[in-house]
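Structure first, then comments.
2 protein chains.
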Amino acid sequence: MIRINKELVDYFKDLKTSNTVDCIHKEVFYPGDFLIHQHKKGNTIFIIERGIAKCFVNEDNGRDFIQEFVGEGEILGEIEVFTDTLSFSNVQAITEITAFKVYKSDFYKLLDEHHALNQIVIRAIAVKLRNTAMRASQQQLHPIDYNLKKFMALIANQQLNVSKQDIADYLGITIRSLNRALKNNTENNL
Amino acid sequence: MIRINKELVDYFKDLKTSNTVDCIHKEVFYPGDFLIHQHKKGNTIFIIERGIAKCFVNEDNGRDFIQEFVGEGEILGEIEVFTDTLSFSNVQAITEITAFKVYKSDFYKLLDEHHALNQIVIRAIAVKLRNTAMRASQQQLHPIDYNLKKFMALIANQQLNVSKQDIADYLGITIRSLNRALKNNTENNL
DNA sequence: ACATAGCCGGGACAAATGTCCTTTTAATTC
DNA sequence: GAATTAAAAGGACATTTGTCCCGGCTATGT
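Quick note, the sequences are listed as chains W and C, same order.
When we follow UniProt numbering, the leftmost residue of the first sequence carries the number 1, and every step to the right adds one.
When we follow UniProt numbering, the leftmost residue of the second sequence carries the number 1, and every step to the right adds one.
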């Protein structure tokens, strides 16, 4: 449920420690900090080395929708770089985060010079697309109770403490509806 | 609204006519034919040369969700190839379609040998991800009337004749709800 | 023309979800 | 410990959406 990408972070760690390139910068973020701002122009990508962030869209009616929780190895900002568009979502640190930062031009250079990295990044985006598309249809076509149960199963193994507001935002519902669904689920599991 | 990708189809047309590669096969599909079957293993990608298809997920409760309508230049099956997983959605021809078909191993070879194609494909996936994610949050957080109005504006310019069932499946609602929303929208536009 | 079947729109009701606001609980300060 | 504030839970009602089903329209064959 918290997306991770071991091969990607390992690749960057190796690149960084090998000292063969000098375009990978390390950066630290604290809970609440924004790595990416919606509607802002981004000219860097990030790879999370440690920590957890939430990736969420703020709609024009004020409500938030959490696209995913991202952890170790997840790449951020690559969509903006590849499509040359403004960010369509925010990325905000939940825990303390250390991340690798690479500027757009350097990132393109890295992809050119490192065939394996190119493969890994393509795969990373493909996985994201797959997850996003599958969740969209599932969440759209199933009732809240069903989606909530799925969500709970997903975070059960994680040691992440998700706030109620975040659960509601992930499911795209109000807290009131979430409370009702939680009650339903516990009652039916007696 | 019907996704197209001119640069991708042009690239394939050039490759095909130049006769420098022999791994690009042309295939024809008729309305109703399936290019990709959900839950089946796919070992090819397609690039649509001409025609329109719908890409939809069938959920376990029997309902369908249309991810997108794809037209000229759209790539299909690449997610399955890159992530090495079963198809998570169906792709069905709406009009007659001609498409370029490339086997997985050949496709990887093409990407290796054609740097520009690699770029184009990465960009194509990035655009898909962006669109999918934006639509998911929008559709989840806005009422039907709002989403319907957006949808109508999108297909207004297209010469595509979308059935009511398809509109409902795209919006993730029942036909009954669609009819109500249609009535609302016309009444309010008086 | 008539009968039949199939599709389409909508009425009536049920279920799900959102909005608003009150109550309850927990936490904090003095 | 009492007072105050903030956070969580839920009641009451309105709105939205889904389910079920009926009646009408169209097409088709005989």
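All C-beta atoms, glycine included, are put in the ideal place defined by N, C-alpha and C.
Boundaries for LYS40/C: no beta strand (DSSP E) harbours it, and the DSSP string shows neither H nor E there. With fewer than 16 other Cβ atoms from the protein chains shown falling within 10 Å of its own Cβ, ASP22/W counts as exposed.
Among the CB atoms of chain C, none fall inside 8 Å of the CB of LEU148/W. Minimum Cα-Cα distance from LYS40/C among the listed residues ALA53/C, ARG130/C, LYS150/C, VAL57/C corresponds to VAL57/C. GLU59/W belongs to the set of residues whose beta carbon lies under 8 Å from a beta carbon in chain C.
Relative to the Cα of TYR30/C, the nearest Cα in the group TYR103/C, ILE52/C, GLY62/C belongs to ILE52/C. In this structure, TYR103/C is the residue among TYR103/C, GLN158/C, TYR108/C with its C-alpha nearest to the C-alpha of ASN43/C.
Only residues of its own chain outside the window of five on either side were considered, and among them none has a CB closer than 7 Å to the CB of ASP14/C. Rounded to the nearest whole angstrom, the C-alpha separation of THR85/C and ASN118/C is 21 Å. Pairing ALA93/C with ASP33/C gives a Cβ-Cβ distance under 8 Å.
One thing to note: LYS128/W has its Cβ within 8 Å of the Cβ of LEU129/C.
Under a criterion of Cβ atoms nearer than 8 Å, the residues of chain W adjacent to MET134/C are, in order, VAL57, PHE88. With distances taken between CA atoms, LEU76/C lies nearest to ILE4/C out of ILE144/C, ASN147/C, ILE4/C, ASP60/C. Less than 8 Å separates the beta-carbon of ILE2/W from that of LEU160/W.
Identification of residues in the stretch 114-142 of chain W having a C-beta nearer than 8 Å to some C-beta of chain C yields HIS115, ASN118, VAL121, ILE122, ARG123, ILE125, ALA126, VAL127, LYS128, LEU129, ARG130, THR132, ALA133, MET134, ARG135, ALA136, SER137, GLN138, GLN139, GLN140, LEU141, HIS142, given in sequence order. Within the stretch 124-153 of chain C, no beta strand (DSSP E) run of at least 3 residues lies entirely inside it. In the three-state scheme derived from DSSP, where H, G and I count as helix and E and B as strand, TYR103/W is classed as strand. In the DSSP assignment, the residues bridged to GLN92/W are PHE34/W, LYS54/W. The C-beta distance from PHE69/C to GLN140/W rounds to 17 Å, too long to meet the 8 Å contact threshold. PHE82/W belongs to the set of residues whose beta carbon lies under 8 Å from a beta carbon in chain C. Chain W places no beta carbon closer than 8 Å to that of GLY73/C, leaving this residue out of the contacts. The secondary-structure analysis by DSSP pairs PHE29/C across a beta bridge with ILE97/C. Using a Cβ-Cβ cut-off of 8 Å, ILE175/C is close to nothing in chain W; its nearest Cβ partner there is about 14 Å away.
Chain order gives the chain C residues near GLN67/W as ALA133, ALA136, SER137, where near means a beta carbon separation below 9 Å.
Residues of the stretch 154-175 of chain W with a Cβ closer than 8 Å to any Cβ of chain C, in chain order: GLY172. Closer than 8 Å to the CB of ARG63/W there is at least one CB belonging to chain C.
Shortest Cα-Cα distance from LYS16/W to any of ILE36/W, LEU35/W, LEU110/W, ALA156/W involves LEU110/W. Ranked by Cα distance from GLU80/C, the options PHE88/C, ASN157/C, THR95/C are led by PHE88/C. Residue-level contact check: GLU78/W touches chain C, since one or more beta carbons of chain C fall below 8 Å from its beta carbon. Out of ILE36/C, GLU78/C, GLU74/C, the CA that lies nearest to the CA of ILE122/W is found in GLU78/C.
By the criterion of a C-beta distance shorter than 7 Å, THR95/W is surrounded in its chain by PRO31, GLY51, ILE52, once the five residues flanking it on both sides are discounted. Within the same chain, ILE175 come within 7 Å of GLN165/C by CB-CB distance, once the 5 residues on both sides are set aside. Between LYS149/C and the set VAL9/C, THR186/C, ILE36/C, the nearest pair of CA atoms involves THR186/C.
One alpha carbon belongs to PHE107/C, the other to GLY73/C, and they sit about 16 Å apart.
The beta carbon of VAL28/C lies closer than 6 Å to those of THR98 in the same chain, with the five residues before and after it left out.
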